[in-house]
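Peer 1: Residue numbers (my numbering): 498 to 719. Backbone N, C-alpha and C define an ideal beta-carbon position, used for all residues, glycine too.
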Amino acid sequence: MHIDIAGLPADRVVFATSPLAELGLALHALSEPGHHPGLHGWATATAAALEPDLADRMLEAEFLWRNTFSDVFMPFAGVRGGDGQTGSGLAEDLDLLDKLDDERFVGAALEFTCASHYGAGSPSPLDDPAMRERALDLAAARGPQQMDFTRRLLADPGSVRGWIRRLFEDCDQAFFADTWRRVSVQMASDARHKTELLRRKGLADAVGAVSPAVTLDRTGTR
Numbered sequence: 498m499h500i501d502i503a504g505l506p507a508d509r510v511v512f513a514t515s516p517l518a519e520l521g522l523a524l525h526a527l528s529e530p531g532h533h534p535g536l537h538g539w540a541t542a543t544a545a546a547l548e549p550d551l552a553d554r555m556l557e558a559e560f561l562w563r564n565t566f567s568d569v570f571m572p573f574a575g576v577r578g579g580d581g582q583t584g585s586g587l588a589e590d591l592d593l594l595d596k597l598d599d600e601r602f603v604g605a606a607l608e609f610t611c612a613s614h615y616g617a618g619s620p621s622p623l624d625d626p627a628m629r630e631r632a633l634d635l636a637a638a639r640g641p642q643q644m645d646f647t648r649r650l651l652a653d654p655g656s657v658r659g660w661i662r663r664l665f666e667d668c669d670q671a672f673f674a675d676t677w678r679r680v681s682v683q684m685a686s687d688a689r690h691k692t693e694l695l696r697r698k699g700l701a702d703a704v705g706a707v708s709p710a711v712t713l714d715r716t717g718t719r
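In structure tokens, the structure reads:
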């Protein structure tokens, strides 16, 4: 994956925590516990304690986090005129999600249908009949739940936005608030460490500390 940051001012490179992004990762771990053996105990206990209604709604929306990580979990990056800062808590992150315009929200939610076009300036399926048909066709290939969600989203983005926010709030109440309390201090400490590394040694060392899989290509070839 290639992320072009050419010309980005140094002060726009920020290490920060996001409760909403972490919720997305927690939901992924619940959907694919086999991918994260270290979290198997947590995933098993959490799934067993879920109310049936919440479990059903999570299953309905799991395409947002199971195989692809939807940008609905990173709204701070998509708010027009925003400063790119994350919220201090989940409620603030969800408020940022509410600030996404319908075009960007729908694009993020339907990322699973248009990954090859996402972020490339393609027309919105809200306005373009060909893109709408393509989104519906690809959703149908994924299954009936994805097809139903896509139909509802394209017909009434506002109601689906409200449904997703309530789902995330209910996840927070059911299990995530406790998880976030346990991990947020360590994550904030890690963000401060990488911020200091960025200040002292530069971007290449800072992104390398995130993961060996992340590198900075100063030549601009990748």
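For S694 and E666, what's the separation of their Cα atoms in angstroms?
Peer 2: The sequence given here has Leu at residue 694, not Ser. Each residue's alpha carbon lies about 34 Å from the other.
Peer 1: How is L597 classed by DSSP in three states: helix, strand or coil?
Peer 2: Three-state result, L597: coil.
Peer 1: Runs of 4 residues minimum, wholly inside the region 506-584: which ones carry the alpha helix (DSSP H) assignment?
Peer 2: Runs found: 516-528, 537-546 and 549-558.
Peer 1: What did DSSP end up calling I502 once you bin it into helix, strand or coil?
Peer 2: Looking at I502 - three-state DSSP - the assignment turns out to be coil, as it is neither helix nor strand.
Peer 1: Would you say the region 526-545 touches the region 703-711, given that touching needs at least three Cβ pairs under 8 Å?
Peer 2: These segments do not touch.
Peer 1: Compute the Euclidean distance between the alpha carbons of K596 and V576, then round it to the nearest angstrom.
Peer 2: So the alpha carbons of these two residues sit roughly 6 Å apart.
Peer 1: Would you call the region 602-610 and the region 581-589 touching, i.e. three or more CB-CB distances under 8 Å?
Peer 2: Cβ pair count under 8 Å is below three, so no.
Peer 1: Nearest to D624 by alpha carbon, out of W677, V603 and D634?
Peer 2: Of the candidates W677, V603 and D634, the one whose C-alpha sits nearest the C-alpha of D624 is V603.
Peer 1: DSSP on G640, reduced to helix/strand/coil?
Peer 2: In this structure, G640 counts as coil in the three-state DSSP scheme.
Peer 1: Between the C-alpha atoms of A652 and P622, what's the straight-line distance to the nearest angstrom?
Peer 2: Spanning the two alpha carbons is a distance of roughly 11 Å.
Peer 1: Could you give the first and the last residue of the continuous alpha helix (DSSP H) run that contains L695?
Peer 2: That run of the alpha helix (DSSP H) goes A674 to K698.
Peer 1: Distance check for R697 and Q642, CA to CA, integer angstroms please.
Peer 2: C-alpha separation (whole angstroms): 49 Å.
Peer 1: Given that a residue counts as buried once 16 or more other Cβ atoms are within 10 Å of its Cβ, and exposed if not, what is L556?
Peer 2: Exposed, since its Cβ has fewer than 16 Cβ neighbours within 10 Å.
Peer 1: Can you tell me the Cβ-Cβ gap for T676 and A523, rounded? I've got them flagged as a contact below 8 Å.
Peer 2: Yes, T676 and A523 are in contact; Cβ-Cβ is about 6 Å, under 8 Å.
Peer 1: D590 and L517: beta carbons closer than 9 Å?
Peer 2: Closer than 9 Å, so yes.
Peer 1: Is the Cβ-Cβ distance between F672 and A558 less than 9 Å?
Peer 2: Their beta carbons are not under 9 Å apart, which means F672 does not touch A558 by this criterion.
Peer 1: When you compare only the Cα positions, how much space is there between I661 and A638?
Peer 2: C-alpha separation (whole angstroms): 22 Å.
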